[in-house]
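Enquirer: Mapped onto mature numbering (1 follows the signal peptide of the UniProt record, and there is no 0), the consecutive letters of the sequence shown carry residue numbers -21 to -1, 1 to 1157. Even glycine gets a Cβ: it sits at the ideal position worked out from N, Cα and C. Note that the structure is predicted; figures quoted are calculated from it, not measured.
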Amino acid sequence: MCCLSTWALLCALGITSVAQGTWRRYISSVARQNEPEVYHSEDDFEWTTWFNVDHPGGRGDYEQLDAIRFYYRARVCDAPQALDARTTDWIPAHNTGEKVHSELALGFWCANAEQAPGRNCSNYAVRFLCPKDNAGSANTKAAWGPWSDWSHCPAKCGQAAMQVRSRKCQPESKQRDMQCSGPTVESRACNGPECPGTVLPACTLHCEMGRVNAECDACMCQDHTVLGSVRSAGGLPAPGASVLRFSPRPKLLTLTDHNGHFRIPGICPDGNATLAIQLQNHAPFTVTVPQSTKRTSVLSIMLSRAEKLHVLKHPDNKARREGQTAALCCNVAGSPEPEQYQWFHNGKLIDRKKLNYDSTLVLRNLSMEQTGEYYCRASHQAGAIKSKSATLTVLGKDQPSCNPKPESHHILLPHDCFQNSTNSLYYDVGKCPSGTCAGQLDNGIRCKDSVAYCCGVAKMEEKKINCQGYKLPTMVVTECSCQKCVETKAIVRGRAVAADNGEPMRFGHIYINGARVSRTGYKGTFSIQVPHETQRLVMTFVDNMEKFVNTTKVLPFNAKGGAIYHEIKLLRKKEPVIISSMEVNTLELGEVEGQDPIAEIQIPPNTFYRQSGELYVGNVKASITFLDARDISTAAAAQSDLNFVGGDGDILPLRTYGMFSVDFRDEEAGEPLNAGEVKVKMDSAQVKMPEHLDTMKLWSLNPDTGMWEEEGSFQMEKKQRGKREERTFLIGNMEIRERRLFNLDVPENRRCYVKVRSFRGDRFMHSEQVEGVVVTLVNMEPSAGYSSNPRAWGRFDSVITGPNGACLPAFCDDQKPDAYSAHLMANMAGEELEAVPSAPKFNPTVIGVPQPYLGKLNYRRSDHDDSRLKKTAFSINVAKPSPNTAEELNGPVYSFDQLKDCEDAPFSAGHFRFSRVEGDRYDYNTVPFNEDDPMSWTEDYLSWWPKPMEYRACYVKVKINGPHEINVRSRNQGGTHPKTVGQLYGLRDTRSIRDMDKSTISAVCLEFKCSGMLYDQDRVDRTLVKVIPQGSCKRDNVNSILQEYLVNHLPLAVNIDTNEFTMLAPLDPLGHNYGIYTVTDQDPRTAKEIALGRCFDGTSDGTSRVMKSNEGVALTFTCSDREATHQSVFQALPISAGQPPTRAVRGGRGRKQRANTLRNSRRRSTRNPVGTGKLSTG
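(1) Consult DSSP for Asp876 and reduce its assignment to one of helix, strand or coil.
(2) Three or more C-beta pairs under 8 Å: does that hold for the region 393 to 407 against the region 367 to 383?
(3) Between the C-alpha atoms of Arg498 and Phe323, what's the straight-line distance to the nearest angstrom?
(4) Which residue from Asn1052, Ile1055, Ser1011 and Val1006 puts its Cα closest to that of Asn1034?
(5) Taking one C-beta from the region 682 to 693 and one from the region 619 to 627 each time, how about it: are there three or more such pairs within less than 8 Å?
(6) Just the Cα atoms here: how many angstroms apart are Glu750 and Glu813?
(7) Could you check whether the region 924 to 935 touches the region 1045 to 1063, counting it as contact only if at least three pairs of C-beta atoms, one from each stretch, sit closer than 8 Å?
(8) Below 7 Å CB to CB, which residues in the same chain sit around Leu652 once its five sequence neighbours on both sides are set aside?
(9) Going by the CB atoms, is the gap between Met675 and Leu709 shorter than 8 Å?
(10) What is the DSSP secondary structure of Cys786, reduced to helix, strand or coil?
(11) Using the three-state DSSP reduction, which class does Lys526 fall into: helix, strand or coil?
(12) Use the C-beta contact count for Met484: other C-beta atoms within 10 angstroms, 16 or more gives buried, fewer gives exposed.
(13) Do the region 777 to 790 and the region 527 to 537 meet, that is, are 3 or more Cβ pairs less than 8 Å apart?
(14) Between Thr824 and Gly834, what straight-line distance do the alpha-carbon atoms span, to the nearest angstrom?
(15) Between the beta-carbon of Val436 and the beta-carbon of Gly418, is there less than 8 Å?
(16) State the start and end residues of the unbroken alpha helix (DSSP H) segment that holds Asn728.
(17) Report, in whole angstroms, the separation of the C-beta atoms of Asn940 and Asp1036, which I expect to be a contact under 8 Å.
(18) Any chance the region 264 to 284 sits against the region 294 to 307, with 3 or more Cβ pairs inside 8 Å?
(19) Return the chain-ordered list of same chain residues with a C-beta closer than 7 Å to the C-beta of Gly1081, the five sequence neighbours on each side being excluded.
(20) Is Ile580 closer than 8 Å to Val528 when the C-beta atoms are compared?
(21) Count the other C-beta atoms from every protein chain shown that fall within 10 angstroms of the C-beta of Thr917, then say buried if there are 16 or more, exposed otherwise.
(22) In three-state terms, what does DSSP make of Phe264?
(23) Specify the secondary structure class of Glu988 as computed by DSSP and reduced to three states.
(24) Decide if Cys731 is buried, meaning its Cβ has at least 16 other Cβ atoms within 10 Å, or exposed.
(25) Please list, in chain order, all residues of the same chain as Ala252 whose beta carbon is under 6 Å from its beta carbon, the five residues on each side excluded.
(26) Find the nearest neighbour of Asn402 within the set Leu391, Phe893 and Cys411, judged by alpha-carbon distance.
(27) On the premise that Ala369 lies in contact with Tyr353, defined as a C-beta separation below 8 Å, what is that separation, rounded to the nearest angstrom?
(28) Note down the Cα distance separating Ala538 from Ala46, rounded to an integer number of angstroms.
(29) Around the C-beta of Val290, are 16 or more other C-beta atoms found within 10 angstroms, so that it is buried, or is it exposed?
(30) What number of angstroms, rounded off, separates the C-alpha of Arg52 from the C-alpha of Ser211?
(31) Using C-beta distances below 6 Å, list every residue in its chain close to Arg54, excluding the 5 sequence neighbours before and after it, in chain order.
(32) Identify every run of the beta strand (DSSP E) within the region 810 to 891, keeping only runs that are complete inside it and at least 3 residues long; order them along the chain.
(33) For Asp1076, does the count of other Cβ atoms within 10 angstroms reach 16, so buried, or fall short, so exposed?
(34) Which one or two residues does DSSP pair with Arg54 in a beta bridge?
(35) Classify Asn102 as helix, strand or coil using the three-state DSSP reduction.
(36) Can you tell me where the beta strand (DSSP E) with Asn904 in it begins and where it stops?
Written as structure tokens, this is what we have:
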């Protein structure tokens, strides 16, 4: 084929203006030679395919040669001779009117910032002119000649300088303009001669490939290049990431460009070169360049989000004697790992040099002054975290480990056991506090003692209590000593339901620490055993049906053991809207009608990416669910506990202005999408506390730790809205790269604690305190001027009551009493407790707080202004106590540094009160046991529950034909075991419940002690159970199947008295066909509640809140209408629900309403089966 002229070749190749400069330079150099052989024929060169590796989102369109080689390394030659650029609409670059750039060594690029206002770059594709066969034919190759010698080093003695060497490109053909890849000249550092008297170490580094660099810290291969791509968490490009040589002294090599790409020449592919990648808020990543014989190595790197430091193991409480050894351990995880550990004793740093500790602190030859609180602090460059404090008790060698004298503990007696000596129905049976004590330990040094020892019962003696016509036996604690702790299990259970209408989340997954541990049932129910050594329980609920937002909750639990009930409120996902990925989209955040949105999310065009990092172009289904803090009803659905870890490692509170969950998906395939940098614009007019404007930040929730992590800050910016209105916005930037919940929050440092106690009744006696009650405090945001009429909630906290109540954190102010207010409520197993009334009578003694401080706090129960409202909450102004006012220093509000004072406050100190509503059930155990505290279980043959952690509840269903609801008693005695025969286990009294349809029928589910092994697990006891209606009653019928079972399983109890029924309780777990209901669970309250629900329903697998009087009945009595000759237990002393087993349990509300004509219209709950009012005494 004939040769083409230069101009003809130019026209034939269709070169655009952006490439002509380079091409013309080539033409002019050829023309000056005036040698025909230098002209290229079309057989010598060819165009590559078109490349489009970048898109005009973000900074612009960058079709860089390194990026093209990264994706298509074999398609572009080392030295292209020209390039051609066109838009994807096939418009040449010079015809677009846009400002563009090109360099053969770099590629083509167009920057959005350089274009006319309101205009962005087009989407360009490029191609390159290369010799045929990509590297040129055999007669057009070029190669480097040998390197010259290094120039003389000009450095003087003890100094450093630079020396250089060079090489020449030697084409293998007569085409002298062929290019070689790589530098012509290189330099290296060199050192001058040794100074007299000094000896410099020789370089010992040996390179299997390449040569040693001037610093003698790496091998260099001049002809090898590493191309890399770095993507952040979620697959988005990672611009500005640092790429370092990984070594004891890391050296920065380069930074990634706006597409996350990097290029490093000279790295040897010998399998020993390691690079370290660092990017803010991401975990460091190291990668080794693999062995290769090629001239280019390509690395693809996906970073993960940096994992904040969090404590996996906290130190344990320990008790030791003088001279012994104790080890306290702390395990902290994070990415990167913590660099150092510090230990503190009573707040003071322990000298590391003296004890040489790390994550384990070993204290040898203990002395008394080492008693106190210890905690660890782990840290690295990005932050720190502190563990919980552990108490170390050091005892004298002969000092008793436990106080042998029991503490006072009063139990409630039956109504006919009034004690003249105390003028009450209470009897002191004593108890041993279950604190850690120094037991018999081996010599091993362990983080956790092989055997846990607690103060427990050493001796008990039987006492006979005088009652009307009989003596009631009870066991009284007489001595305490150090015992092996009772093994317990902590359980959380409840329901996960929609916040708007109570729809259950069916078969949703539950995660703890990122691992799936369970799922919800058909009705949204769940039950989870808390893992051992858990200090902070974080659970995430994930809806498989995609109806609800993924919800992370920090749930309080009873560390002593037992079950705590929680109702999880879930936000329903907003219906998605369709938006275009190529347009600017604005989505508003606000859910309160009649008020402006609190913020908006602005999404630039070309911002969406697939999980692989590929830019997504198309329609997007966008769903943004916003929890508006201006709506008080949303507080229950708020996630986590609004805490973050401060720079010093302390857990600090946040105050929220709203939370939002974002879900972007491909419209067609439904694939989740990530979004690059988006703007969050918050209306400053919605921030009513001006000091919050400077501290407002964007946060995201870590679902594994339940902690909020900072995403970015806000900047003040004024915007024109309309012709006359100018608004001030807070502008923040964020990336949406994971399915996280986001938050508009400010850190708040004005904090206090509020003391609350819960009681089983409204007598508010010290002995009637109830443990295991979940008390919740919701902080309210004041409106402008610190008015006491708040307009939004800002934070919530929940704490479980212990033997001395609970201390709840709250925001407070010492300048203005009404700067912050709070709402408090209490719940136990789904039952709401009542607060003390504030109207019509306002009694400071009953409320628990003396005047004048109470007036300053402005106590108001929820029905203060409207008696039709619930009585289950109260509000206060959280006025910080003044150190100069004596009456404010004794509770109920304590400054934040007085948590210990709050927790240990005596009963006489100020506190707020909740009480369970008086109920229709009474329990008495001969051996006292507190169901709220499984560690109070005592080894005794007469224990109602013979085996801890295996609580078996048994109920019998009794039908009553008669005009009145009556009380029915079960008397439970030893039946066949030689150690207990004829001895009392306990009593149960329960009032029957009227049938909803038939006014002359009622029924009762009556608990009795199950038969089975006693505590020694040696032999079984068939409990002798007497069912005794408290009235003029006659036994009409015994379930025939039950009677047949009792006859076939001897011995058979004799039933002579027709006013009652006696049986030796069955050993087998019978069912509804027998009228017997049996459930075994790790928590006594749960076992009783499930069995009670089945008994109400009259089935073995269902549950009901309504008593079904004719279903699954065991016994039937007919009771006549007669004048009462004595008071029932409920008339004598109404008892509250949820009391320890030695007292009344289960609350009821509505007895007055149900007393006469309304008795047949009341529904019962299995958690609160007796209605919602007080007992009638008429």
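Expert: To lay it out plainly:
(1) helix
(2) no
(3) 41 Å
(4) Val1006
(5) yes
(6) 15 Å
(7) yes
(8) Phe587, Tyr588, Arg589, Tyr595, Val599, Phe643, Arg644 and Asp645
(9) yes
(10) strand
(11) coil
(12) buried
(13) yes
(14) 13 Å
(15) no
(16) Premise fails: Asn728 is in no alpha helix (DSSP H) and is neither H nor E.
(17) About 18 Å separates the two Cβ atoms, so there is no contact after all.
(18) no
(19) Arg1073
(20) no
(21) buried
(22) strand
(23) Residue identity differs from the one stated: residue 988 is Lys in this sequence, not Glu. Coil.
(24) buried
(25) Ile246 and Val268
(26) Leu391
(27) 5 Å
(28) 56 Å
(29) buried
(30) 23 Å
(31) Thr27
(32) 852 to 856 and 872 to 874
(33) buried
(34) DSSP lists no partner for Arg54.
(35) coil
(36) Arg900 to Asn904
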